[in-house]
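Chemist:
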Amino acid sequence: MAQASDLEPKPISPAAGGTGNADGTGSPQRRSPTARPRKKRRPDSSADAHGTSPGSLDPALYINRELSWLEFNERVLEEARDRRHPLLERIKFLSIVSSNLDEFFMIRVAAIRDQIQADVSDLSPDGRTPAQQLAAVHERVSRMLKDMSDCFWLDLQPDLAKAGIHLLGMKDLTGAEHDLLREMFAREIFPVLTPLAFDPGHPFPYISNLSLSLAVVVANPKGEERFARVKVPDVLPRLMPIPGNDAPGAPARFVWLEDLIAGNLEMLFPGMAVRESYAFRVTRNADIEIQEDEADDLLSSIEQSIRLRRFGSVVRVGVQKTMPARIKDILIEYLDVSTTEVYELPPPLGISHLMGLLKLQRPDLKDVPFHPATLAPEEETEDMFSVIRKGDLVLHHPYDAFGAVVQFIQNAAEDPNVLAIKQTLYRIGKESPLIPLFIKAAESGKQVAVLVELKARFDEENNIIWAKQLEEAGIHVVYGLVGLKTHAKMALVVRKEANGLRRYVHLGTGNYNPVTARIYTDVSYFTCREDITADATEVFNYLTGYSTRETYRKLALAPVNLRQHLVSLIEREIAHARAGYPARIILKMNSLTDVKMIELCYAASQAGVTMDLIIRGICCLRPGVSQISERIRVTSIVGRFLEHSRVFYFGNNGAPEIFLSSADLMGRNLDRRVELMFPVEDPALARHLKEEVLDAALADTVRARQLHADGSYARVTANGDAAAMDCQSLIMRSHTRPPRPLQIVPREAP
């Protein structure tokens, strides 16, 4: 962690301002009191999917958003093949690739499919129709699935066996093991299974999203064939331990659950001959939305939308490669998919379940545990208010422990001088330590207001549970604004002190989730500066009441003025470059898709601004194009931790400024979400962030890849005899007590 009082100061100029809404309308309307959930996702145009209308430049200057995301997934797959990672960490990366692809089909491919079915002909910024995008996605995904299969069978599976972890099929077992497993099947699995017949008297069974099934062909005593479906139950482990291997140090032996079921199907169909069985897996459209301006009760509407998600249209079917055409034809017809939406794969299907292997007690096959830095010893005995009054505080998670954020809320809940707590919650997880603290605060008579974003995709159920608990405790719970997700991360505490009321605020780039805070890189900022805390108060009034405010003292707020503020900062660097002064921009984020921001980056490069973009995921900008973007370099870091922080640096002709934000440069973040961007004005803290977050990433020669103009990525390597540098490992080593300075050898700027 870093605190203002701990670091040497250096002058820094105030931030440039920015005003106005993107459409000039001020704050958006509030949610009307009337709703019905929509059962089918409204097809988005290509323009809306990218956040702005297609650009005015040559479409060849834009990388397709969907293909860029798949390139990111390819970089994750490279980590699964990288033997510098411990074996089970490589398994983790392969599992992440699989689960990422599931979500990609449930959301992105489903949206493109909706566009095609609705005859939407709008072109994406790179000039593709929805049909062309879908064809390109199919071709790229087919290659990726083959690469994933090769990675598992040719690389990871043999290495697991060498390490004493055996993933087996029934054919690999001894006779004695068959007998043991058959007994276990009859006792623990058979009662859970429900075979579903398909014939004139039985309709084709409903196949739920992401469920693994067996398509079974049986014959009656007359030799007449029948078709049935057996769902592989997800309430059981996908990898079933083989009995008899419990001795310490014995090899870990597992059999795939679907293989175990397939090997005992005759128990499910007595009197029938089981002739064939093949695994298949279904992915459905899971992006169910509601028409909020018709919402009668947002909470119940989202609860209903979660139920409807189970019945979305099928967007992908993975089938066992050996499945014959006649069985595939049945699935194609009754699941209503095209042949291009059926992917033939070698088993196992749905390899995200490999993540379960990380539960094995094999520390020799995992990363060495990392223990994040905590507050200094003299601060651990103080409350967070005393610490913050000494000076602004910056924490870099997961290198700095998230416990200080929890302690901030705990101190607020327990301190009798605290009068009010206000906080936004987006993704808080299943076992949040904050919820009991809010309840405790409310029970002690404090004013507690919490904005819970119910529309955080795939976290809706958790957030609904927490919202109900908070409401039952008498806490004022707000669900946000019409048409906008509240993605800003902000906590405000009002405390009575000797000289009157003082406000304390926490602002962050990541969620209030202690689990993800251990694996996502994010930045927390604490302050009691009057101008920032006053702005935070105004933002909460905007979220819970009515406000047409279009400017703030220090904060920039989407969709009110964040876009305009960023534009003004970039245009200032352009003006410096045109005047012959040094001009430098470094932007770190997760994704860059917004067409207007891309075009502004191109304009900055042409004006002479040197730009580094550190973008983990999607980047639709093409760097290194002659006379267009030759002064722009794009770097992606994929490593042990997920790079999630948003940090924006502007050189400002020798008086640099750094901002932190909850927003990526995507249309949805800048125009259709509530997001915050805030300055780090203490010069020592600003310098600390630049060195530890930005400079370290730009000096990485181990986990960094550089984007080329053709859309491909290549690993960055150390020059000459220089030692390779892994920025995440370097920062981990520096976050010890006492802290050690980073030793960074920067790469040359573009």
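Residue numbers for the sequence shown follow the numbering used here, beginning at 760 and rising by one. In this text, a Cβ means the ideal position worked out from N, Cα and C, and glycines have one as well. Here the structure is a predicted model, which is why all the values come from computation and not from measurement.
#1: Helix or strand or just coil, what does DSSP make of Thr1081?
#2: Please check the pair Glu848 and Lys1125, which I expect to be a contact at CB under 8 Å, by giving their CB distance rounded to whole angstroms.
#3: If you run the structure through DSSP and keep just helix, strand and coil, what is Phe1013?
#4: Per DSSP, His1265 forms a beta bridge with which residues?
#5: Within its chain, find whatever has a CB closer than 7 Å to the CB of Ala1021; leave out the 5 residues flanking it on each side and keep chain order.
#6: According to the neighbour-count rule (16 or more other Cβ atoms, all chains shown, within 10 Å of its Cβ), is Leu829 buried or exposed?
#7: Using the Cα positions of Val1237 and Leu1260, report the straight-line distance between them to the nearest angstrom.
#8: Within a Cβ cutoff of 6 Å, which residues of the same chain sit near Gly1553, ignoring the five residues on either side of it in sequence?
#9: For my contact list, Ala1045 and Gly1077 are in at a C-beta cut-off of 8 Å; report their separation, rounded to the angstrom.
#10: So Val989 is in the beta strand (DSSP E); what residue range does that whole segment cover?
#11: Contact check, Arg1186 vs Asn1300 under 8 Å by CB: the rounded distance?
#12: Could you check the C-alpha separation between Ile1503 and Gly1479 for me, to the nearest Å?
#13: When you compare only the Cα positions, how much space is there between Pro773 and Asp1441?
#14: Can you check the region 1340 to 1425 for any alpha helix (DSSP H) of at least 4 residues that lies completely inside it and give the ranges in chain order?
#15: For Glu1173, does the three-state DSSP call read helix, strand or coil?
#16: In the DSSP assignment, the beta strand (DSSP E) including Pro950 goes from what residue to what residue?
#17: Return yes when the C-beta of Ile1001 is under 7 Å from any heavy atom of the ligand FAD, and no when it is not.
#18: Tell me whether the region 926 to 934 and the region 867 to 881 touch, counting them as touching only if at least three CB pairs, one residue from each stretch, are closer than 8 Å.
#19: Closer than 8 Å is the cut-off here; do at least three beta carbon pairs connect the region 1254 to 1268 with the region 1327 to 1343?
#20: Is the region 1265 to 1279 close to the region 1153 to 1167, with three or more CB pairs under 8 Å?
#21: Gln1465 lies in the beta strand (DSSP E); which residues open and close that run?
#22: Does the beta-carbon distance from Met1295 to Glu1434 come in below 8 Å?
#23: Which residues in the same chain have their Cβ closer than 7 Å to the Cβ of Val1096, if we skip the five residues on either side of it in sequence?
#24: On a Cα-Cα basis, can you pick out the residue from Met1026, Ser858, Ser883, Lys981 that is closest to Asn968?
#25: Among the candidates Ala1342, Phe1285, Leu1240, whose CA atom is the shortest distance from the CA of Val1298?
#26: Helix, strand or coil: which one does DSSP assign to His937?
#27: Relative to the C-alpha of Val879, which residue among Ala869, Gly1115, Ala890, Gly886 is closest?
#28: What whole-angstrom Cβ distance do Tyr1408 and Ile1344 have, given they're in contact under 8 Å?
#29: Among the residues of its own chain, which have a CB less than 6 Å from the CB of Leu1196, if the five just before and after it don't count?
#30: Using a 10 Å radius around the Cβ and a threshold of 16 neighbouring Cβ atoms, would you call Lys1248 buried or exposed?
#31: Figure out for me which residue from Gln1182, Tyr965, Ala1443, Arg997 has the closest Cα to the Cα of Arg988.
#32: Where do the ends of the alpha helix (DSSP H) carrying Val1326 lie?
#33: I believe Lys1347 touches Val1264 by the beta-carbon criterion, under 8 Å. Please report the beta-carbon distance rounded to the nearest angstrom.
#34: Should Tyr1279 go down as buried or exposed, given a rule of 16 or more other Cβ atoms within 10 Å for buried?
#35: Using a 10 Å radius around the Cβ and a threshold of 16 neighbouring Cβ atoms, would you call Glu1416 buried or exposed?
Modeler: By the coordinates alone:
#1: coil
#2: 6 Å
#3: strand
#4: Ala1250, Phe1285
#5: Scanning its chain for C-beta atoms nearer than 7 Å, with the 5 sequence neighbours on each side dropped, one finds around Ala1021 the residues Leu973, Ser1036, in chain order.
#6: By the 10 Å Cβ count, Leu829 comes out buried.
#7: 25 Å
#8: Absent from the structure is residue 1553, since the part of the chain shown begins at 760 and ends at 1509.
#9: The beta-carbon distance between Ala1045 and Gly1077, rounded to whole angstroms, is 16 Å. This is too long to meet the 8 Å contact definition.
#10: 984 to 990
#11: Between Asn1300 and Arg1186 the Cβ distance is about 24 Å, and since that is not below 8 Å, they are no contact.
#12: 16 Å
#13: With a pLDDT of 29 at Pro773, under the threshold of 50, the modelled position of that residue is not reliable, and no figure is offered here.
#14: Fully enclosed alpha helix (DSSP H) runs of 4 or longer: 1354 to 1366.
#15: Correct three-state label for Glu1173: helix.
#16: No beta strand (DSSP E) contains Pro950, which DSSP labels as neither H nor E.
#17: With respect to the ligand FAD, the structure offers nothing, as it holds no ligand at all.
#18: no
#19: no
#20: yes
#21: 1463 to 1466
#22: One detail in the question is off: residue 1295 reads as Ala in this sequence, not Met. No, the pair does not count as a contact, with Cβ atoms beyond the cut-off.
#23: Cβ within range, chain order: Val1073, Val1076.
#24: Ser858
#25: Leu1240
#26: helix
#27: Out of Ala869, Gly1115, Ala890, Gly886, the CA that lies nearest to the CA of Val879 is found in Ala890.
#28: 7 Å
#29: Answer for Leu1196: Ile1168, Gln1169, Ala1172, listed in chain order.
#30: buried
#31: Across the set Gln1182, Tyr965, Ala1443, Arg997, the C-alpha of Tyr965 shows the shortest separation from the C-alpha of Arg988.
#32: 1321 to 1337
#33: Actually they are not in contact, since the Cβ atoms of Lys1347 and Val1264 sit about 22 Å apart, beyond 8 Å.
#34: buried
#35: buried
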